[in-house]
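> Here it is, the structure in full.
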Amino acid sequence: MTQHIVVIGAGYSGLAAALRAARRLPDARITLINPRAYFVERVRLHQLAAGQRLRRYPLTDILGTAGIELVVGSVRTIDTERREVTVDSLDTPVPYDTLVYALGSVADTSTPGVAEHAATVAGPAEAQALRDKVATMARQEGTLTVVGGGLTGIETAAEVAETYPGLEVRLVTDTEPGAGLSERGRAHLRRVFDRLGVEVRTDAKVVEVHSDAVELADGNTMTTDLVVWATGFGVPDLAARSGITVDSAGRIVVDDTLRSVSHPDVYAVGDSAAAHHPDGSPLRMACATALPLGRYAGDVIAARAHGRSPRPLRFRYFFQCLSLGRDDGVIQFVDAHDRPRERVLTGRLAARVKEAVVRGATFTARRSGLYPSR
Ligand SMILES: Cc1cc2nc3c(=O)[nH]c(=O)nc-3n(C[C@H](O)[C@H](O)[C@H](O)COP(=O)(O)OP(=O)(O)OC[C@H]3O[C@@H](n4cnc5c(N)ncnc54)[C@H](O)[C@@H]3O)c2cc1C
Numbered sequence: 001m002t003q004h005i006v007v008i009g010a011g012y013s014g015l016a017a018a019l020r021a022a023r024r025l026p027d028a029r030i031t032l033i034n035p036r037a038y039f040v041e042r043v044r045l046h047q048l049a050a051g052q053r054l055r056r057y058p059l060t061d062i063l064g065t066a067g068i069e070l071v072v073g074s075v076r077t078i079d080t081e082r083r084e085v086t087v088d089s090l091d092t093p094v095p096y097d098t099l100v101y102a103l104g105s106v107a108d109t110s111t112p113g114v115a116e117h118a119a120t121v122a123g124p125a126e127a128q129a130l131r132d133k134v135a136t137m138a139r140q141e142g143t144l145t146v147v148g149g150g151l152t153g154i155e156t157a158a159e160v161a162e163t164y165p166g167l168e169v170r171l172v173t174d175t176e177p178g179a180g181l182s183e184r185g186r187a188h189l190r191r192v193f194d195r196l197g198v199e200v201r202t203d204a205k206v207v208e209v210h211s212d213a214v215e216l217a218d219g220n221t222m223t224t225d226l227v228v229w230a231t232g233f234g235v236p237d238l239a240a241r242s243g244i245t246v247d248s249a250g251r252i253v254v255d256d257t258l259r260s261v262s263h264p265d266v267y268a269v270g271d272s273a274a275a276h277h278p279d280g281s282p283l284r285m286a287c288a289t290a291l292p293l294g295r296y297a298g299d300v301i302a303a304r305a306h307g308r309s310p311r312p313l314r315f316r317y318f319f320q321c322l323s324l325g326r327d328d329g330v331i332q333f334v335d336a337h338d339r340p341r342e343r344v345l346t347g348r349l350a351a352r353v354k355e356a357v358v359r360g361a362t363f364t365a366r367r368s369g370l371y372p373s374r
């Protein structure tokens with residue numbers, strides 16, 4: 001009987017998994033379900049927020065002759081007993097033999113006031129809404145407060161400050177920005193923020209967001225015209241709602257082949273998977289993780305379909321890429337577990353490398369059938 005593989009989510013990991021499985025299992029039926037008919041380069045959403053146009057990649061073009069059926073819609077429920085998913089755009093459920101869960105992540109809006117008053121760059125609709133707000137604000141001048149000193153907050157603050165030099169851009173974080181970078185990487189970051197006029201407030205934990213201010217853990221408040229919340233990502237609750245075993249963050253708990261520990265016919269990839277190194281240490285939510293995981297999942301599903309035992313996931317990181325506007329950046333070399341080495345590239349060269357990596361990621365996602373997984 002023909003196996004029906006249903007992949008939900010056509011981001012970096014889902015697209016890679018679907019294309020890979022199609023390449024390895026030409027006789028399988030594969031369905032890819034995504035809310036949009038095009039692929040979003042999510043790693044560029046801070047650029048969209050700063051007013052740049054992003055290219056759209058129609059999924060029908062990408063799927064081309066791979067023989068993958070595309071359903072445009074959002075998955076609402078997973079019935080793991082019947083092995084079927086319901087989709088908001090379809091009248092009847094879609095049955096599966098194997099499900100690949102690749103829903104990515106969403107903004108973590110659990111802090112009081114964030115959902116009501118803050119903008120985010122976590123998804124395309126949110127980044128577009130932020131773009132409109134920033135453009136309006138830039139005409140009147142004002143203060144934009146980016147909360148979160150991780151890579152997304154840093155990239156967003158730098159991009160907006162470069163595009164709108166008349167805006168006051170402030171980065172508020174409870175640690176030092178770029179805490180995962182080497183000393184040289186952080187020193188470069190400080191120089192760039194100085195050049196762009198970004199005010200950095202460290203040791204400031206935001207505990208509540210109001211319409212015109214952020215409230216800090218020490219009781220102080222900072223007035224602001226707009227808040228961008230970038231303290232980290234959460235995940236959709238679909239897996240938890242469906243009775244699939246998840247970790248405390250809601251990510252699907254998987255074995256060393258990315259298979260759900262509670263439901264062997266479900267695989268999880270990308271940000272929605274609690275994937276880990278062989279020693280159990282977690283992988284980072286990143287495009288750099290999602291793409292290889294997606295390809296690997298396609299290989300694993302094919303291996304099992306052919307009656308073979310897949311090799312366990314082996315994963316290593318090489319670098320972290322950080323854009324600081326269009327003409328500056330940091331490429332931080334890291335060890336296999338993502339810990340920074342001393343070696344960094346900075347400045348224009350780093351900006352070019354980052355651009356090449358982002359383009360390469362999209363190219364690889366679109367052609368994931370062809371490349372070997374790690
Ligand atoms: C502004 C920004 C900058 C970033 N920069 C970097 C970077 O420089 N380097 C890096 O490594 N990472 C970066 N990241 C993180 C990176 O984008 C994510 O880790 C990566 O996209 C995760 O891939 P994924 O396949 O898990 O999810 P995604 O790429 O988010 O794809 C998930 C897909 O699932 C779809 N989906 C969601 N819910 C449903 C549903 N119910 N039914 C069907 N489909 C659904 C979504 O619409 C989406 O198409 C950045 C993120 C942001 C927001």
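Take the sequence shown: its letter number 49 is residue 49 in the UniProt record's numbering, and every next letter is one higher. Ideal placement from N, C-alpha and C gives every residue a C-beta, glycine not left out. Since the structure is predicted, the reported quantities are computational estimates derived from the model, not experimental observations.
Rounded to whole angstroms, what is the Cα-Cα separation between residue 226 and residue 291?
Taking the straight line from one Cα to the other gives about 33 angstroms.
> Check whether the stretch 236 to 247 touches the stretch 217 to 225, taking contact to mean three or more Cβ pairs, one atom from each stretch, closer than 8 angstroms.
With a cut-off of 8 angstroms, the stretch 217 to 225 and the stretch 236 to 247 do not count as touching, because too few Cβ pairs lie within range.
> Check this for me: beta carbons of residue 131 and residue 17, under 7 angstroms apart or not?
No, these two residues do not count as a Cβ contact at 7 angstroms.
> Output yes or no for whether 7 angstroms exceeds the beta carbon distance between residue 192 and residue 324.
Yes; because the gap between Cβ atoms is below 7 angstroms, this pair is in contact.
> Hey, out of 43, 159, 25 and 146, whose CA is closest to residue 365's CA?
Checked all of 43, 159, 25 and 146; the closest Cα to residue 365 is 43.
> For residue 122, verify whether its CB is less than 6 angstroms away from any heavy atom of ligand 1.
Yes, the beta carbon of residue 122 sits closer than 6 angstroms to at least one heavy atom of ligand 1.
> Report yes if the C-beta of residue 174 is less than 6 angstroms from at least one heavy atom of ligand 1; otherwise report no.
No - ligand 1 has no heavy atom lying nearer than 6 angstroms to the Cβ of residue 174.
> In or out: residue 299 buried (at least 16 other Cβ within 10 Å) or exposed?
Burial call: buried.
> Could you say which of 98, 157, 255 and 73 lies nearest to residue 88 if we only look at CA atoms?
The shortest C-alpha separation from residue 88 is found at 73.
> Please work out which residues of its chain come closer than 7 angstroms, Cβ to Cβ, to residue 262, disregarding the five sequence neighbours upstream and downstream, and give them in chain order.
Closer than 7 angstroms at Cβ, skipping near neighbours: 244 and 245.
> To the nearest angstrom, how far is it from the Cα of residue 335 to the Cα of residue 316?
Their Cα atoms are separated by approximately 8 angstroms.
> Is there at least one non-hydrogen atom of ligand 1 closer than 6 angstroms to the beta-carbon of residue 33?
Within the cutoff, so yes.
> In chain order, which continuous runs of the beta strand (DSSP E) of length 3 or greater are located wholly inside the stretch 255 to 284?
For the stretch 255 to 284, whole beta strand (DSSP E) runs of length 3 or above, ordered along the chain, are 266 to 268.
> Write down the C-beta distance between residue 8 and residue 102 rounded to the nearest angstrom, noting that I regard them as a contact closer than 8 angstroms.
Confirmed, Cβ separation roughly 6 angstroms.
> Could you check whether the Cβ of residue 108 sits closer than 6 angstroms to any heavy atom belonging to ligand 1?
No - ligand 1 has no heavy atom lying nearer than 6 angstroms to the Cβ of residue 108.
> Just confirm the distance between the C-beta atoms of residue 156 and residue 230, as a whole number of angstroms; I'd bet it's less than 8 angstroms.
At roughly 6 angstroms, the Cβ-Cβ gap stays under 8 angstroms, so residue 156 and residue 230 are in contact.
> Going by DSSP, what residue range makes up the beta strand (DSSP E) through residue 170?
That run of the beta strand (DSSP E) goes 168 to 172.
> Say the cut is 6 angstroms; is the CB of residue 271 nearer than that to a heavy atom of ligand 1?
The answer is yes for residue 271.
> Hey, quick one: how far does the beta strand (DSSP E) through residue 299 stretch, first residue to last?
Note, residue 299: premise wrong, no beta strand (DSSP E); alpha helix (DSSP H) at 287 to 305.
> Assuming residue 96 is part of the alpha helix (DSSP H), what are its boundary residues?
From DSSP, residue 96 is part of no alpha helix (DSSP H); its letter is neither H nor E.
> Starting from residue 72 and walking both ways along the beta strand (DSSP E), at which residues does that stretch end?
Start and end: 68 to 72.
> CB residue 5 to CB residue 28, shorter than 7 angstroms?
Going by C-beta atoms, residue 5 is nearer than 7 angstroms to residue 28.
> By a C-beta neighbour count over all protein chains shown, 10 Å radius and 16 as the cutoff for buried, is residue 162 buried or exposed?
Under this definition residue 162 is a buried residue.
> Which class does residue 319 belong to by DSSP, given the choice of helix, strand or coil?
In this structure, residue 319 counts as strand in the three-state DSSP scheme.
> Identify the continuous beta strand (DSSP E) that holds residue 346 and give its terminal residues.
Here the beta strand (DSSP E) through residue 346 covers 340 to 346.
> Verify whether the separation of the beta carbon atoms of residue 224 and residue 143 is less than 7 angstroms.
Yes, they are a contact pair.
> By the 10 Å Cβ neighbour count, where 16 or more other Cβ atoms means buried, how is residue 373 classified, buried or exposed?
For residue 373, the pLDDT reaches just 44, beneath the cut-off of 50, and the residue's location in the model is therefore unreliable, leaving the point undetermined.
> Quick one: complete alpha helix (DSSP H) runs, 4+ long, within the stretch 92 to 155?
Taking only runs of at least 4 residues, the alpha helix (DSSP H) segments lying wholly in the stretch 92 to 155 are 114 to 117 and 124 to 140.
> Just the C-alpha distance for residue 363 and residue 222, rounded to the nearest angstrom, thanks.
Straight-line Cα distance between these residues: approximately 42 angstroms.
> Going by beta carbon distance, what residues of the same chain come within less than 7 angstroms of residue 288, once the five residues before and after it are set aside?
Within the same chain, residue 288 has close Cβ partners 317.
> Is any heavy atom in ligand 1 found nearer than 6 angstroms to the beta carbon of residue 285?
Yes, since a heavy atom of ligand 1 falls inside the 6 angstroms radius drawn around the Cβ of residue 285.
> Which residues share a DSSP beta bridge with residue 199?
170, per the DSSP bridge assignment.
> Is the beta carbon of residue 89 within less than 6 angstroms of some heavy atom of ligand 1?
Not under cutoff, so the answer is no.
> Does residue 279 pass the burial test, meaning 16 or more other C-beta atoms within 10 Å, or should it be called exposed?
With fewer than 16 other Cβ atoms within 10 Å, it is exposed.
> Is there at least one non-hydrogen atom of ligand 1 closer than 6 angstroms to the beta-carbon of residue 260?
No, since every heavy atom of ligand 1 falls outside the 6 angstroms radius drawn around the Cβ of residue 260.
> Just confirm the distance between the C-beta atoms of residue 206 and residue 160, as a whole number of angstroms; I'd bet it's less than 8 angstroms.
18 angstroms between Cβ atoms; not a contact.
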